[in-house]
Amino acid sequence: MSAVAVEGVWKFYGDYPALRDVRLEAEAGACLALIGRNGAGKTTLLRLLAGFSRPGRGEVRICGTIPRDPATRRRIGFIGHGISVYDELSAMENLTLFGRLYGLANPRKTAGEWLERTGLERVAGGLVREFSRGMRQRLAVARAFLHSPSVLLLDEPFTALDDRAIAVLQGLLGEALAEGRTIVMSTHQLREALELATHVALLNRGSVAFSGDRTPEMVADPGFLYARYGEG
Amino acid sequence: MGFLRQVMVVAVKDLRAELRTKEALNGALAFALVILLLFAFAFDPTGDTTREISGGLLWIVFAFAGTLILNRSFARELPNDCLDALIAAPISGAALFLGKAIANYVLLLAVELVSLPVFGIFYSVRWTQQLPELLLVLLLGTWALTVLGTMTSALTVNIRLREVMLPMLTYPVLVPALMGAMQLTMTLIAGTPINAENVMWLKMLAGFDLIYTAVSLVLVETVLVG
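Protein chains in written order, with the numbering used here: chain A, 53 to 284; chain B, 2 to 227.
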């Protein structure tokens, strides 16, 4: 059973098909990099995988079940374009809140551990609205990893991150892969993504133009896929 | 985690966030007090007619002030894409809805409980004559406004003109509940207890609450995820 399976998925915005018959799979422990130009359908696909919306046609499966299944949602960690934490709450309150929503046994303790791992323990009681951009991004990373998800869905995770946040995220993603978790990430930062990826899928106007193992040529020349399979 | 615990986690989060900024609470409270004051100047507060319509006036103020709180309910989740995180969490849409509705209910009741004594002073109304019954009407009427407004807030969260759309969608559907609450409030303020003649309004109010709560709990997942 694949950790992530996308079977003949179509997604329409009005009459416009944002995704056209997309078929992808990622086994447990794989890191699938979704690449493609703006508007190729990467975010739409990740939002379907996260269960934020439903496909018009086809099926999305995470560990064999639909993403909206509560047990499946416990297995998913998501980082989107926003940081998905509350400005009016403190870092500790934010992580404790999500720890409770995910049914963790000791949300406060786990929150404290993640604040430490992301270097935010000294500002645990500080309101997020007073945080710098980099601190907010590290908190977003902590929120996504808090419940030890087995499938990580990351929408352009390296965009606008500062050096420290990139280092934290790369470290955590490396650990996640070593632990056999599955990562699906969309990105425009090809070099960072291709270093981590085991598989690559190129989306071109909502369709999969290429899907396969990451090869040394891709790492050596991140523009290789675009040159070979189209601009998207 | 049990359903009720999920509900309480969401409700406490919303209340904590609102009490930190007091954006909606201060706005709603100020609005309610200013409207009560302006109407007191516009009408002769000692007139019998004014006292007769004051129950209706009170509920119109509650409904208008309430939309300021209800508008913020799901809109609060938009900055930083927090709604995504809530939808991704393993809680049902019903728990999310109910948690938000309870937080809104507490805030609306707080505004109403501050407005009531002010209303009594401005309109020379002895609103404490039938206090337990009046509180019952307040609880039922406010829940009707809350449940419908919270659902509409979820429906309009991604619409640019949501501040306009929420009252436009809420008020027409709310009319039966508002009529019941207005009729009962007028009767109780006049010192008449709830009797066989007007108990129908109370039943209608309770029925409205039950039906719209059930419908919202069933539909909210579809509204949020599609």
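Here a beta-carbon is modelled for each residue, glycine too, at the ideal position from N, C-alpha and C.
Query: Test: P118 of chain B CB closer than 8 angstroms to a CB of chain A; Result: no
Query: I5 of chain B: first and last residue of the uninterrupted alpha helix (DSSP H) it sits in; Result: Checking the displayed sequence, the identity of residue 5 of chain B turns out to be Leu instead of Ile. Segment F4 to T22, the alpha helix (DSSP H) holding L5 of chain B.
Query: Extent of the continuous alpha helix (DSSP H) to which I88 of chain B belongs; Result: C83 to A89
Query: Cβ-Cβ separation, V11 of chain B to A96 of chain B (assumed contact under 8 angstroms), whole Å; Result: 7 angstroms
Query: T50 of chain B, buried or exposed, once every other Cβ within 10 Å from all chains shown has been counted against 16; Result: exposed
Query: Short Cβ contact (8 angstroms threshold) for G258 of chain A with G66 of chain A; Result: no
Query: Sheet register partners of N256 of chain A (DSSP bridge); Result: A:S259
Query: Pairwise C-alpha distance: G155 of chain A and R6 of chain B; Result: 10 angstroms
Query: Short CB-CB distance (under 8 angstroms) between I61 of chain B and chain A; Result: no
Query: With 16 other Cβ atoms within 10 Å as the buried cut-off, status of L20 of chain B; Result: exposed
Query: 4-residue-minimum alpha helix (DSSP H) runs that sit fully inside the region 115-176 of chain B, ordered along the chain; Result: 132-157
Query: Endpoints, the beta strand (DSSP E) within which E247 of chain A is located; Result: Counting along the chain, E247 of chain A falls outside any beta strand (DSSP E), though it belongs to the alpha helix (DSSP H) covering L242 to L248.
Query: T223 of chain B, DSSP secondary structure in three states; Result: helix
Query: Within-8 angstroms CB hit, P168 of chain B to chain A; Result: no
Query: Sub-8 angstroms separation of G227 of chain B and S136 of chain A beta-carbons; Result: no
Query: Classification of G284 of chain A by the beta-carbon crowding that lies within 10 angstroms, buried from 16 upward; Result: Low confidence applies here, because G284 of chain A scores a pLDDT of 44, under 50, leaving its location unreliable; read the following figure in that light. So G284 of chain A ends up on the buried side.
Query: Close-in-space but distant-in-sequence residues of the same chain around Y124 of chain B (CB under 7 angstroms, 5 per side omitted); Result: A41, P46, T51, R52 and S55
Query: Spatial neighbours of I36 of chain B in its chain, beta-carbon cut-off 6 angstroms, leaving aside the 5 residues before and after; Result: V62
Query: Three or more C-beta pairs below 8 angstroms linking the region 208-223 of chain A and the region 176-190 of chain A; Result: yes
Query: Buried or exposed (CB count within 10 angstroms, at least 16 for buried), K101 of chain B; Result: buried
Query: DSSP state of G155 of chain A mapped onto helix, strand, coil; Result: coil
Query: One or two residues paired with E61 of chain A in a DSSP bridge; Result: The identity of residue 61 of chain A in the sequence shown is Val, whereas the question assumes Glu. V61 of chain A pairs with A:V74.
Query: Below-8 angstroms beta-carbon distance, L191 of chain A vs any chain B residue; Result: no
Query: Top-ranked residue by Cα proximity to I128 of chain A, from A:M237, A:R266, A:T250 and A:R75; Result: A:M237
Query: For P168 of chain B and R243 of chain A, the rounded distance between their alpha carbons; Result: 50 angstroms
Query: Distance, L99 of chain B Cα to D121 of chain A Cα; Result: 19 angstroms
Query: Run of the beta strand (DSSP E) containing M187 of chain A, from where it starts to where it stops; Result: First-last for M187 of chain A: R185 to F197, but that is the alpha helix (DSSP H), not the beta strand (DSSP E).
Query: Contained beta strand (DSSP E) runs [length at least 3] in the region 85-166 of chain A, N- to C-terminal order; Result: 109-114 and 128-131
Query: Which listed residue (A:L84, A:E59, A:T117 and A:L71) has its alpha carbon closest to that of L204 of chain A; Result: A:L84
Query: Beta-carbon contacts of M144 of chain A that lie in its chain and below 8 angstroms, excluding the five residues immediately before and after; Result: R160, A163, G164, L167, A176 and G177
Query: Interface residues of chain E facing I135 of chain A [CB-CB closer than 7 angstroms]; Result: No chain E appears in the structure shown, which is made up of the protein chains A and B.
Query: is_contact[E140 of chain A, chain B] using C-beta, thresh 8 angstroms; Result: yes
Query: Pairwise C-alpha distance: L101 of chain A and A80 of chain A; Result: 15 angstroms
Query: 8 angstroms Cβ cutoff, L101 of chain A in contact with chain B; Result: no
Query: Assigned exposure category for A25 of chain B - 16 Cβ within 10 Å defines buried; Result: buried
Query: Partner residues on chain B for S105 of chain A, Cβ-Cβ distance less than 8 angstroms; Result: V226 and G227
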